[in-house]
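**Student:** Residue numbers (the numbering used here): 121 to 512.
#1: Between residue 253 and residue 164, how many whole angstroms is the CB-CB distance? I'm expecting something under 8 Å.
#2: Under 8 Å between C-beta atoms, does residue 333 make it to chain D?
#3: Suppose contacts are defined by Cβ-Cβ distances below 8 Å. Is residue 192 in contact with residue 180 by that definition?
#4: Taking the beta carbon of residue 331 as the centre, do at least 16 other beta carbons fall within 10 Å, making it buried, or is it exposed?
#5: According to DSSP, is residue 264 part of a helix, a strand, or is it coil?
#6: What's the call for residue 128, buried or exposed, on a 16-neighbour Cβ count within 10 Å?
#7: Which partner residues of residue 403 appear in the DSSP bridge assignment?
#8: For the beta strand (DSSP E) that contains residue 331, what are its first and last residues?
#9: Can you tell me the Cβ-Cβ gap for residue 392 and residue 510, rounded? I've got them flagged as a contact below 8 Å.
#10: From the DSSP output, which residues share a beta bridge with residue 317?
#11: So, using beta-carbon positions, are residue 296 and residue 405 closer together than 8 Å?
#12: Entirely within the region 443-490 and at least 3 residues each: give me those beta strand (DSSP E) ranges in chain order.
#13: For residue 170, which beta-bridge partners are listed by DSSP?
#14: Tell me which same chain residues have a C-beta within less than 6 Å of the C-beta of residue 423, skipping the five on either side of it?
#15: Quick check on residue 507: does DSSP put it in helix, strand or coil?
#16: Quick one: what's residue 236 bridged to in DSSP?
#17: Terminal residues of the continuous beta strand (DSSP E) containing residue 215?
#18: CB residue 153 to CB residue 177, shorter than 8 Å?
#19: So, using beta-carbon positions, are residue 194 and residue 316 closer together than 8 Å?
#20: Can you list, in chain order, the residues of its chain whose CB lies under 6 Å from that of residue 323, leaving out five sequence neighbours each side?
#21: Quick check: what's the CA-CA separation for residue 374 versus residue 345?
#22: Using only CA atoms, which one of 380, 399, 238 and 276 lies nearest to residue 259?
#23: Can you give me the Cβ contacts of residue 468 inside the same chain, cut-off strictly under 6 Å, excluding the 5 residues immediately before and after it?
#24: Cβ atoms of residue 377 and residue 213: under 8 Å apart, would you say?
#25: Tell me the rounded alpha-carbon separation between residue 272 and residue 397.
#26: Let me check understanding here. Comparing Cα to Cα, which of 450, 388 and 269 lies closest to residue 291?
#27: Which residue marks the beginning of the beta strand (DSSP E) containing residue 302, and which one marks its end?
#28: For residue 418 versus residue 460, is the C-beta distance shorter than 8 Å?
#29: Use the C-beta contact count for residue 305: other C-beta atoms within 10 angstroms, 16 or more gives buried, fewer gives exposed.
#30: May I ask you to report which of helix, strand or coil DSSP gives residue 273?
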């Protein structure tokens, strides 16, 4: 499967290769608010799937059996069928499991010649699967599928959760409510790339709700740092003090900053975006700067175990600040997510929201670069940095 030859591609300011505008092109987002057209070009049974108003907004509701999946934009050739996509995909959606619903399945990279992956979401459990090796296309027989990873998970019934998949070849990274929950390698052949995407439910008498679906490519600087050197999509102010470190249990690589260093992902200037990174402080503190320009920056300063979030001007003076006590650890990974959208800011640590509110100060939001800074006495590890633009 591939995109028609008359749909061109171009490199856009996000550092992402994106097809030109049109239904099924990237980035794709659907909040299901357009009742009459929210499911245009989707393949589904109206007996199982419909858009319904719940709690003041429209959501996708599934109530039926495994034999009635809903395929996203299956009546066109969406961009995620293109095997030549140059960057990783990020898929995100909110879900809510009604009590006794039987869970939700998300099918992705479905290809008749190669197989598929399935992410299963149940109360208290999250499972990643691969197709039955003797039957590449059967998505109805769950029991014969291969379990790649199964773990208990803080998923509750009657509660909205968010799941985000960062799909990078054999590597699949699962975020649950902003926490990097699973780092998985799919060991089975053939390796999966492009393919169809859709949802399944498994209970005709209880509902599963889905909202805010987005499918997009990552910024090119998004990286797990598995190479032997700093990737070319990142720059450092000091190559001697910037090295690749390794963990053995489990095996993992990361970037290590020892001393005064500024580490910068090579993205164009970004204004409204989300960045998730893991940080491990060996010694001292560190800073993360977003929207950094000559006029100022949004600064997250980690010092003495605490975090100070502040908006600074061109003189370095704080126009707005707020402090969080006991905000980072020594000798442990901290999963941090920053979401900046106009004057709104959300900070999450290990899946827990530290702040959700406004950014103060007189400076209007503007695009800038991202910087991770350490001082002379600081030692910091950095890993699994995912950068995506906010989709409206």
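Glycine residues also receive a C-beta, built at the ideal position from the N, C-alpha and C atoms.
Being a predicted model, the structure only gives us computed values, none of them experimental.
**Tutor:** Answer, in terms of the structure:
#1: Contact flag wrong, Cβ pair sits at about 28 Å.
#2: Among the chains in the structure shown there is no chain D, since it carries only a single protein chain.
#3: no
#4: buried
#5: helix
#6: Since pLDDT at residue 128 reaches only 31, below the 50 mark, its modelled position is unreliable, and no value is offered.
#7: 499
#8: 323-337
#9: 4 Å
#10: Paired residues: none, contrary to the question.
#11: No, they are not a contact pair.
#12: 453-461, 464-469 and 472-478
#13: Its beta-bridge partners are 181.
#14: 405
#15: The answer is strand: DSSP assigns residue 507 an E or B state.
#16: In DSSP, residue 236 forms no bridge with anything.
#17: Residue 215 -> beta strand (DSSP E) spans 209-217.
#18: yes
#19: In terms of Cβ geometry, residue 194 and residue 316 form a close pair [threshold 8 Å].
#20: 221 and 222
#21: 6 Å
#22: 238
#23: Around residue 468, the same chain offers 298 and 457 as residues with beta carbons nearer than 6 Å, after the five sequence neighbours per side are excluded.
#24: Not in contact: residue 213 and residue 377 (Cβ atoms no closer than 8 Å).
#25: 23 Å
#26: 269
#27: 299-305
#28: yes
#29: exposed
#30: coil
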